[in-house]
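Here's the structure, in structure tokens; my notes come after.
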Amino acid sequence: MADAARESGSRTAEESVEEKAGRAARAAQSSQCDHARGHCENGDPEACEFLQQSCGYDDDEVSLLLDDQRHANEQDVLVTVGGDEYPEMEVTPEVAGALRDSWTGYKAGMGQLDDALTKAREAVINARQAWRAINRIREANGQEPMHPDRLHTLLDALDTMPDSIPEVRTLDHFTQTETADEQADEPDQFATEQQGTLGIDTDAEQVAEEKQVTLAGGDEAGNEVAPKAWRQKGTTWTGGPHKIALDSHQRGKWNVKLTGPAGPLDLATNLPDPTVAETVAVGITERVQPDEVTGHNADATLQEAAAAAKSEALPDDEGGLMEYA
Numbered sequence: 034m035a036d037a038a039r040e041s042g043s044r045t046a047e048e049s050v051e052e053k054a055g056r057a058a059r060a061a062q063s064s065q066c067d068h069a070r071g072h073c074e075n076g077d078p079e080a081c082e083f084l085q086q087s088c089g090y091d092d093d094e095v096s097l098l099l100d101d102q103r104h105a106n107e108q109d110v111l112v113t114v115g116g117d118e119y120p121e122m123e124v125t126p127e128v129a130g131a132l133r134d135s136w137t138g139y140k141a142g143m144g145q146l147d148d149a150l151t152k153a154r155e156a157v158i159n160a161r162q163a164w165r166a167i168n169r170i171r172e173a174n175g176q177e178p179m180h181p182d183r184l185h186t187l188l189d190a191l192d193t194m195p196d197s198i199p200e201v202r203t204l205d206h207f208t209q210t211e212t213a214d215e216q217a218d219e220p221d222q223f224a225t226e227q228q229g230t231l232g233i234d235t236d237a238e239q240v241a242e243e244k245q246v247t248l249a250g251g252d253e254a255g256n257e258v259a260p261k262a263w264r265q266k267g268t269t270w271t272g273g274p275h276k277i278a279l280d281s282h283q284r285g286k287w288n289v290k291l292t293g294p295a296g297p298l299d300l301a302t303n304l305p306d307p308t309v310a311e312t313v314a315v316g317i318t319e320r321v322q323p324d325e326v327t328g329h330n331a332d333a334t335l336q337e338a339a340a341a342a343k344s345e346a347l348p349d350d351e352g353g354l355m356e357y358a
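Each residue of the sequence shown is one higher than the one before, counting from 34 in the working numbering.
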């Protein structure tokens, strides 16, 4: 009886091993068949032969795999992609998937960038307010005001960020590059490249607007087209021929100064510390854009903006705006 039980258990164990081996063999064959199917679809005759001999495919099935017309017919049907905020395009199904993914990625990137800029702006405002409080405490204790160097180092890093971002290139770029290498740089080509590349200390607005000067007339400031937005670097705001910067004529007193066709001119004077002066400068640049500053300063727009900015930065102050000539 015991011998019979041992013999039965041994037979069961042997069958279990055989079953496992069979399953492994079938799995391996299935994987090989899937692999061969892909090669056969791409026209590999040996792969097609393997499908017939080892995977049970008949001639009709192999012929169907080799029939590219079926796939071509599917791609001949155009689908519409886009709409709403994105332009509509009619493309093949294969291209449609890539286009949808690209628009989705762009939209997600813009959302992330918008959130990051909002947070960065709030952080700068909070840092400036805190630094102003620090200088008020220092002054109350007989110490000179300090300048927020670290803050401006970070702002400068943001300003130069476009230069550190790799240029996005497509296949067309490399085709154009090969053609350009065989030709000398011509004026039209140079102008086009300058509009498509962010160079050192140059942003998109500066390229498109600040760099527009007349070729006949030299480099006079009056010939330069002022952009619609200021470009900040440290404590200087540049807009075409116009520039707003902090200035200190005497120890412990700060001014906001305009230079260019409408200057030199002190917009706000006798400010207690550089932090307040910077706040006033920011207020001015938020109220008046470079293209609103006239060469002869004929209107009161700039004066009113300076007065409002100083009043906002120093609510208890009566003014301090310099008289205009």
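For every residue, glycine included, the Cβ atom is placed at its ideal position computed from N, Cα and C.
Bear in mind the structure is a predicted one, so any value in this text is a computation, not a measurement.
**Request:** Classify Thr308 as buried or exposed, calling it buried when 16 or more other Cβ atoms lie within 10 Å of its own Cβ.
**Result:** Stepping through the sequence shown from its first residue, residue 308 is reached at position 275. Buried, because 16 or more other Cβ atoms sit within 10 Å of the Cβ of Thr308.
**Request:** State the start and end residues of the unbroken beta strand (DSSP E) segment that holds Ala301.
**Result:** As a first step, residue 301 must be located in the sequence shown, where it is residue number 268. Its beta strand (DSSP E) spans residues 298-304.
**Prompt:** Distance, Cα to Cα, Val112 vs Gly76?
**Reply:** By one-based count along the sequence shown, residue 112 stands at place 79. By one-based count along the sequence shown, residue 76 stands at place 43. Those two C-alpha atoms are separated by around 29 Å.
**Message:** Based on DSSP bridge pairs, tell me the residues matched to Lys363.
**Reply:** Residue 363 lies beyond the range of the chain shown here (34 to 358); nothing can be said about it.
**Request:** Count the CB pairs spanning the stretch 176-194 and the stretch 155-167 that are closer than 8 Å, and state whether there are at least three.
**Result:** yes
**Item:** Cβ neighbour criterion (16 or more within 10 Å) applied to Thr193
**Value:** The residue labelled residue 193 in the question sits at position 160 within the sequence shown. Flag for Thr193 reads exposed.
**Item:** Buried or exposed by the 16-neighbour rule on C-beta atoms within 10 Å, applied to Gly293
**Value:** As a working mapping, residue 293 is identified with position 260 in the sequence shown. Per the 10 Å Cβ criterion, buried.
**Request:** Classify Asp134 as helix, strand or coil using the three-state DSSP reduction.
**Result:** The residue given as residue 134 occupies position 101 in the sequence shown. Reduced to three states, the DSSP call for Asp134 is helix.
**Request:** Count the other CB atoms, across all protein chains shown, that sit within 10 Å of the CB of Tyr139; report buried if there are 16 or more and exposed otherwise.
**Result:** For the purposes of this step, residue 139 is taken as the residue at position 106 of the sequence shown. Flag for Tyr139 reads exposed.
**Request:** Tell me whether the beta-carbon of Thr271 lies closer than 8 Å to the beta-carbon of Asn288.
**Result:** In the sequence shown, the residue the question calls residue 271 occupies position 238. In the sequence shown, the residue the question calls residue 288 occupies position 255. No, they are not a contact pair.
**Asked** If we ignore side chains and look at the alpha-carbon of each, how far apart do Asp91 and Asp147 end up?
**Response** Here residue 91 corresponds to residue number 58 of the sequence shown, with the count starting at 1. Here residue 147 corresponds to residue number 114 of the sequence shown, with the count starting at 1. About 58 Å.
**Asked** Which value, in whole angstroms, describes the spacing of the CA atoms of Ala254 and Ile277?
**Response** As a working note, residue 254 is residue 221 in the sequence shown. As a working note, residue 277 is residue 244 in the sequence shown. For Ala254, the predicted model reports a pLDDT of 39, less than 50, meaning its position is unreliable; a value from the coordinates is still stated below. Looking at the two C-alpha atoms, the distance is approximately 15 Å.
**Close-in-space but distant-in-sequence residues of the same chain around Ala342 (CB under 6 Å, 5 per side omitted)** = If you number the sequence shown from 1, residue 342 lands on position 309. Within the same chain, Ala342 has close Cβ partners Val313, Gly316, Ile317.
**Prompt:** Quick one, are the C-beta atoms of Leu98 and Glu74 less than 8 Å apart?
**Reply:** Numbered from 1 along the sequence shown, position 65 holds the residue referred to as residue 98. Numbered from 1 along the sequence shown, position 41 holds the residue referred to as residue 74. Going by C-beta atoms, Leu98 is nearer than 8 Å to Glu74.
**Prompt:** When you compare each of Ile170, Arg165, Ala173, Leu191 to His180 by their alpha carbons, which one comes out closest?
**Reply:** In the sequence shown, the residue the question calls residue 180 occupies position 147. Ranking the options by Cα distance to His180, first place goes to Arg165.
**Request:** Following the continuous beta strand (DSSP E) through Gly316, name the residue where it begins and the one where it ends.
**Result:** For the purposes of this step, residue 316 is taken as the residue at position 283 of the sequence shown. From DSSP, Gly316 is part of no beta strand (DSSP E) but of the alpha helix (DSSP H) over 307-320.
**Message:** Just to confirm, is the Cβ distance from Asp299 to Lys286 under 8 Å?
**Reply:** Within the sequence shown, residue 299 is the residue found at index 266, counting from 1. Within the sequence shown, residue 286 is the residue found at index 253, counting from 1. Result no, Cβ atoms of Asp299 and Lys286 do not sit closer than 8 Å.
**Request:** Let me know if Leu191 comes out buried or exposed under the rule of 16 or more other beta-carbons within 10 Å of its beta-carbon.
**Result:** As a position in the sequence shown, residue 191 is number 158, starting the count at 1. By the neighbour-count rule (16 or more Cβ atoms within 10 Å), Leu191 is not buried but exposed.
**Request:** To the nearest angstrom, report how far apart Asp324 and Ala262 are at their CA atoms.
**Result:** Here the question's residue 324 lines up with position 291 in the sequence shown. Here the question's residue 262 lines up with position 229 in the sequence shown. Straight-line Cα distance between these residues: approximately 8 Å.
**Item:** Distance CB(Ala129)-CB(Val114) smaller than 8 Å
**Value:** Position 96 of the sequence shown, counting from 1, holds the residue named residue 129. Position 81 of the sequence shown, counting from 1, holds the residue named residue 114. For Ala129 and Val114, yes; Cβs fall inside 8 Å.
**Coil, strand or helix - Asn159 by DSSP** = By 1-based counting over the sequence shown, the position of residue 159 is 126. Three-state result, Asn159: helix.
**Asked** Using CA coordinates, which residue listed in Gln145, Ser64, Glu94, Ala310 is at the minimum distance from Ala346?
**Response** Taking the first residue of the sequence shown as 1, we reach residue 346 at position 313. Cα-wise, what sits closest to Ala346 is Ala310.
**Item:** Alpha-carbon to alpha-carbon, Ala153 and Pro360
**Value:** This structure gives no information on residue 360, because the portion of the chain shown stretches from 34 to 358.
**Reference Pro305, options Pro274, Leu279, Gln65, Ala141, closest by Cα** = Counting from one through the sequence shown, the residue named residue 305 turns up at place 272. For Pro305, the nearest C-alpha among the options comes from Leu279.
**Request:** With DSSP as the reference, label Ala338 as helix, strand or coil.
**Result:** Residue 338 sits at position 305 when you count from the first residue of the sequence shown. Residue state, collapsed to three classes: helix.
**Prompt:** Considering only C-alpha positions, which residue in the set Arg183, Ile167, Thr137 is nearest to Gln176?
**Reply:** For the purposes of this step, residue 176 is taken as residue 143 along the sequence shown, with counting starting at 1. Gln176 has its Cα closest to that of Ile167, out of Arg183, Ile167, Thr137.
**Message:** Can you list, in chain order, the residues of its chain with a C-beta nearer than 8 Å to that of Ile2? Leave out the 5 residues immediately preceding and following it.
**Reply:** Here the chain comprises residues numbered 34 to 358, so residue 2 is not present and cannot be evaluated.
**Prompt:** Measuring CB to CB, does Val321 end up less than 8 Å from Ala340?
**Reply:** The residue given as residue 321 occupies position 288 in the sequence shown. The residue given as residue 340 occupies position 307 in the sequence shown. Going by C-beta atoms, Val321 is not nearer than 8 Å to Ala340.
**Local Cβ density within 10 Å of Arg183, reported as buried at 16 or more and exposed below that** = Within the sequence shown, numbered from 1, the residue matching residue 183 stands at position 150. The residue is exposed, with fewer than 16 neighbouring Cβ atoms inside 10 Å.
**Item:** Whole-angstrom distance between Pro195 and Glu82, CA atom to CA atom
**Value:** To locate residue 82, count along the sequence shown from 1; it is residue 49. To locate residue 195, count along the sequence shown from 1; it is residue 162. Cα-Cα distance, rounded: 56 Å.
**Asked** What's the C-alpha gap between Pro120 and Gln265?
**Response** To locate residue 120, count along the sequence shown from 1; it is residue 87. To locate residue 265, count along the sequence shown from 1; it is residue 232. When rounded, the distance between both Cα atoms is 34 Å.
**Message:** In whole angstroms, give me the CA-to-CA distance for Gly232 and Ala149.
**Reply:** In the sequence shown, the residue the question calls residue 232 occupies position 199. In the sequence shown, the residue the question calls residue 149 occupies position 116. Low per-residue confidence applies at Gly232: pLDDT is 38, beneath 50, and the placement is therefore not dependable, though the value from the model is reported in the following sentence. Each residue's alpha carbon lies about 23 Å from the other.
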